[in-house]
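Q:
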Amino acid sequence: MPKARSVPESLRHPDLDPVWQAARNQLDRFDPARRGRIALPVLSDAATLRLSALLNAKLTTRLDLARLEAALISQGVGLDLDEALAELGAPASARRQEIRASAARRQAARECVGAIVNTWGKPWCEEWVDWLFQSGQMVNQGAESATLLVNTVRQILDRRQRCDGESMARNDLAVGLCGSAHALDDGLLLERCVRRALWHALDRQVDYQDGRAVWIAAGILTDRVSSPVLTWQLPLDPNSPLGSICQSATAAEVPIHLSAYALSNQEICFKAQGPVLLVENPRLVEAAAERRLQRCVISTNGNPATAVMTLVSAMLAAGIEVRHHNDFDVAGLGICRRLAEKGCIPWHMGSMDYDAAVSKATEAGLELPVEQANCGATPWDPQLQSRINTLKAVVHEELLLDSLLDSQEW
Numbered sequence: 004m005p006k007a008r009s010v011p012e013s014l015r016h017p018d019l020d021p022v023w024q025a026a027r028n029q030l031d032r033f034d035p036a037r038r039g040r041i042a043l044p045v046l047s048d049a050a051t052l053r054l055s056a057l058l059n060a061k062l063t064t065r066l067d068l069a070r071l072e073a074a075l076i077s078q079g080v081g082l083d084l085d086e087a088l089a090e091l092g093a094p095a096s097a098r099r100q101e102i103r104a105s106a107a108r109r110q111a112a113r114e115c116v117g118a119i120v121n122t123w124g125k126p127w128c129e130e131w132v133d134w135l136f137q138s139g140q141m142v143n144q145g146a147e148s149a150t151l152l153v154n155t156v157r158q159i160l161d162r163r164q165r166c167d168g169e170s171m172a173r174n175d176l177a178v179g180l181c182g183s184a185h186a187l188d189d190g191l192l193l194e195r196c197v198r199r200a201l202w203h204a205l206d207r208q209v210d211y212q213d214g215r216a217v218w219i220a221a222g223i224l225t226d227r228v229s230s231p232v233l234t235w236q237l238p239l240d241p242n243s244p245l246g247s248i249c250q251s252a253t254a255a256e257v258p259i260h261l262s263a264y265a266l267s268n269q270e271i272c273f274k275a276q277g278p279v280l281l282v283e284n285p286r287l288v289e290a291a292a293e294r295r296l297q298r299c300v301i302s303t304n305g306n307p308a309t310a311v312m313t314l315v316s317a318m319l320a321a322g323i324e325v326r327h328h329n330d331f332d333v334a335g336l337g338i339c340r341r342l343a344e345k346g347c348i349p350w351h352m353g354s355m356d357y358d359a360a361v362s363k364a365t366e367a368g369l370e371l372p373v374e375q376a377n378c379g380a381t382p383w384d385p386q387l388q389s390r391i392n393t394l395k396a397v398v399h400e401e402l403l404l405d406s407l408l409d410s411q412e413w
C-alpha cells in the first residue's frame with residue numbers, strides 16, 4: 004500500500020475544498036498530466052490566507068495549476084498534483100479512473116500487437132493494426148488477450164498458406180487451432196480480425212462486408228449446408244440431378260431449398276433463358292408457390308449467402324436475366340447495390356416506384372416504419388437515394404407482394 008503522507012492541517016481546512024475540487028475537475032476533464040489555469044472559486048478570508056501562504060503569492064482570479072502542484076509537492080502532500088489532490092480529499096472520479104485504466108490497457112495492447120505484427124513483414128500490417136484499434140475491435144482487450152488474438156490470426160494465415168491453394172473447411176480450421184468448431188463463426192471478434200487480414204492478403208479484391216465471400220476467395224469454405232437458397236420453379240434441366248429434385252418439388256407445389264453444398268457439387272443445367280425474379284423476402288416465394296406461378300422466384304432471405312450467390316452467378320453465366328427487388332430501406336438498398344454490381348438488374352426499385360409505394364401506404368392509412376440512417380448511393384436511379392433520405396419511410400416487399408407477383412413485365 005502507498006505510504007501515508009503527512010498533510011499540513013492548514014491545507015485540510017474545509018473552506019479550501021472548492022479549490023481542490025476545481026483542480027480535480029480540470030484533471031478529470033482533460034488529463035492528469037495537463038496543467039494550465041482554472042478560475043479561482045470564491046473563498047472565505049481564512050481559505051484565502053491559507054492558499055496565499057501555500058503559494059507564497061497574492062491570489063488573482065486565475066489559479067496556475069503548475070504553481071499549485073509545485074507548492075503541494077514542496078509541502079510533501081504528494082509526488083504530483085493528481086496524488087496531492089487525492090490526499091486532500093479530491094480523488095479522481097471512479098469513472099475517470101476506469102477510463103484511464105482502459106486507455107492504459109489499450110495502449111499496452113497496441114504496443115504488444117505492434118511488436119508482434121511488425122515481424123510479419125506484410126505491407127498491409129500497419130493498416131490492419133490501425134483498423135484493429137480504430138474500429139473498436141480491441142475494446143476491453145488487454146495485452147495478454149490481444150497477443151493471443153493476433154498470434155491466432157497468424158496461425159490461421161500460416162495454415163492457409165501451407166494448404167497451397169487447396170480448400171479447407173472453416174469449422175475444421177477453428178476446431179484444430181482453437182479447440183472450438185465455432186471459434187470462427189460469423190460476427191465473432193476472431194472471425195472479423197481474420198477476415199480483415201485475409202481481405203488484405205487478397206489485395207482487397209473481394210468485398211469485405213460480404214464476409215463469406217472473403218473466406219471462400221481465400222480457399223476456406225464456410226458451412227455449405229445451412230443458409231440455403233429458397234426457390235420456386237427454378238428452370239433447371241429435369242434430366243440433371245438437381246433438375247430432377249426441383250421438378251419433383253414443383254410437382255408437389257412446394258418451394259425448395261438448395262444448399263451451397265448441393266449447388267457446388269452438382270452441375271447446374273438450365274433449360275430456359277427467361278428472366279427470373281430475385282426478391283429479398285421468403286414470403287414472396289411462398290406466395291408464388293401458393294399461386295402456382297409459372298415463373299421462377301428466388302429469395303435472398305436478407306443479405307445473400309453463399310448458396311444464393313452461387314445460384315445467381317450460375318444464372319448470369321448462363322445468360323439468364325436476373326431481376327431483383329428488395330425492401331426500400333438502407334439494408335435492402337445495400338443488397339440491391341451489391342447485386343447490381345454482380346450483373347443483376349434492379350426491378351421496380353426506382354424513385355417513382357418508391358413514391359408510388361409510399362402513396363399507396365398513405366392512402367391505406369398505414370403508418371410506415373421510419374428509417375433512422377441515411378441510405379447509400381443508388382446508381383441505377385440517383386433520385387432514389389435523395390427520396391428515401393428525405394421521406395425516411397421504409398417500404399417492405401410484402402406490402403408490394405401482389406403488384407410484384409402479378410406484374411407481366413417478367
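In my numbering, each residue's number is its place in the sequence shown (first place is 1) plus 3. Glycine included, C-beta positions come from ideal geometry on N, C-alpha and C.
Would the region 233 to 249 count as touching the region 285 to 295 if we require 3 or more Cβ pairs under 8 Å?
A: Taking 8 Å as the limit for Cβ pairs, the verdict is that the region 285 to 295 does touch the region 233 to 249.
Q: Whole angstroms are fine: how far does the CA of Glu12 sit from the CA of Leu88?
A: Position 85 of the sequence shown holds residue 88. Position 9 of the sequence shown holds residue 12. The straight-line gap from Cα to Cα measures roughly 14 Å.
Q: Suppose the cutoff is 8 Å on Cβ atoms and the five residues either side in sequence are ignored; what does the same chain contact list for Trp123 look like?
A: As a working note, residue 123 is residue 120 in the sequence shown. Correct list, in chain order: Arg157.
Q: Roughly how many whole angstroms lie between the Cα atoms of Pro307 and Arg37?
A: In the sequence shown, residue 307 corresponds to position 304, counting from 1. In the sequence shown, residue 37 corresponds to position 34, counting from 1. Each residue's alpha carbon lies about 51 Å from the other.
Q: Thinking C-beta only, is Arg99 closer than 8 Å to Asp31?
A: Residue numbering aside, residue 31 sits at position 28 when the sequence shown is read from its first letter. Residue numbering aside, residue 99 sits at position 96 when the sequence shown is read from its first letter. The answer is yes: Cβ separation under 8 Å.
Q: For Val398, which residues from the same chain have a beta carbon less than 6 Å from its beta carbon, with the 5 sequence-adjacent residues on both sides left out?
A: As a first step, residue 398 must be located in the sequence shown, where it is residue number 395. Cβ within range, chain order: Phe331 and Ala360.
Q: When we look at the beta-carbon of Trp23 and count the other beta-carbons within 10 Å, is it buried (16 or more) or exposed?
A: The residue labelled residue 23 in the question sits at position 20 within the sequence shown. It counts as buried.
Q: Among Trp383, Val300 and Gly368, whose alpha-carbon lies nearest the alpha-carbon of Arg340?
A: The residue labelled residue 340 in the question sits at position 337 within the sequence shown. With distances taken between Cα atoms, Arg340 lies closest to Trp383.
Q: Could you give the uninterrupted runs of the beta strand (DSSP E) lying entirely in the region 178 to 239, keeping only those of 3 residues or more?
A: You should have 232 to 235.
Q: Whole-angstrom Cβ separation of Arg163 and Ala220, contact assumed at under 8 Å?
A: By one-based count along the sequence shown, residue 163 stands at place 160. By one-based count along the sequence shown, residue 220 stands at place 217. Between Ala220 and Arg163 the Cβ distance is about 11 Å, and since that is not below 8 Å, they are no contact.
Q: Below 6 Å CB to CB, which residues in the same chain sit around Ala146 once its five sequence neighbours on both sides are set aside?
A: If you number the sequence shown from 1, residue 146 lands on position 143. Excluding residues within five positions, the ones whose Cβ falls inside 6 Å are Ala111, Ala112 and Cys115.
Q: By the DSSP assignment, the beta strand (DSSP E) with Leu402 in it spans what residues?
A: Residue 402 sits at position 399 when you count from the first residue of the sequence shown. Looking at the DSSP string, Leu402 is not in any beta strand (DSSP E), and its letter there is neither H nor E.
Q: Leu152: which of Leu193, Asp18 and Leu342 sits nearest, CA to CA?
A: In the sequence shown, residue 152 corresponds to position 149, counting from 1. Considering only alpha carbons, the answer is Leu193.
Q: Give me the DSSP bridge partner(s) of Phe273.
A: Position 270 of the sequence shown, counted from the start, is the residue given in the question as residue 273. In DSSP, Phe273 forms a bridge with Leu239.
Q: So for Met4, helix, strand or coil by DSSP?
A: Against the sequence shown, residue 4 aligns to sequence position 1. Bear in mind that a pLDDT of 40 at Met4, under 50, signals an unreliable position, so the number given afterwards is only what the model happens to contain. Residue state, collapsed to three classes: coil.
Q: Using CA coordinates, which residue listed in Ser262, Asp188, Glu293 and Trp131 is at the minimum distance from Ala204?
A: Position 201 of the sequence shown, counted from the first residue, corresponds to residue 204. The option with the nearest alpha carbon to Ala204 is Trp131.
Q: Check whether the Cβ atoms of Leu14 and Arg70 sit closer than 8 Å, and answer yes or no.
A: Stepping through the sequence shown from its first residue, residue 14 is reached at position 11. Stepping through the sequence shown from its first residue, residue 70 is reached at position 67. Result no, Cβ atoms of Leu14 and Arg70 do not sit closer than 8 Å.
Q: May I ask you to report which of helix, strand or coil DSSP gives Val279?
A: Here residue 279 corresponds to residue number 276 of the sequence shown, with the count starting at 1. Here Val279 sits in strand by DSSP.
Q: How about Leu135 and Cys196: are their beta carbons less than 8 Å apart?
A: Reading the sequence shown from its first residue, position 132 is the one you call residue 135. Reading the sequence shown from its first residue, position 193 is the one you call residue 196. Yes. Within cutoff.
Q: Indicate the three-state DSSP secondary structure (helix, strand or coil) for Val156 in the structure shown.
A: Working through the sequence shown from its first residue, we reach residue 156 at position 153. Helix.
Q: Quick one: which unbroken alpha helix (DSSP H) runs of 4-plus residues sit fully inside the region 327 to 409? Chain order, please.
A: Within the region 327 to 409, the complete alpha helix (DSSP H) runs of at least 4 residues are 333 to 345, 354 to 366, 385 to 394 and 404 to 409.
Q: Quick check on Asp20: does DSSP put it in helix, strand or coil?
A: Here the question's residue 20 lines up with position 17 in the sequence shown. Residue state, collapsed to three classes: helix.
Q: Three or more beta-carbon pairs under 8 Å between the region 316 to 326 and the region 362 to 382, yes or no?
A: Flag = no, the region 316 to 326 and the region 362 to 382 do not touch.
Q: Measuring alpha carbon to alpha carbon, tell me which of Asp356, Gly214, Val10 and Ile41 ends up nearest Leu57.
A: The residue given as residue 57 occupies position 54 in the sequence shown. Nearest of Asp356, Gly214, Val10 and Ile41 to Leu57, Cα basis: Val10.
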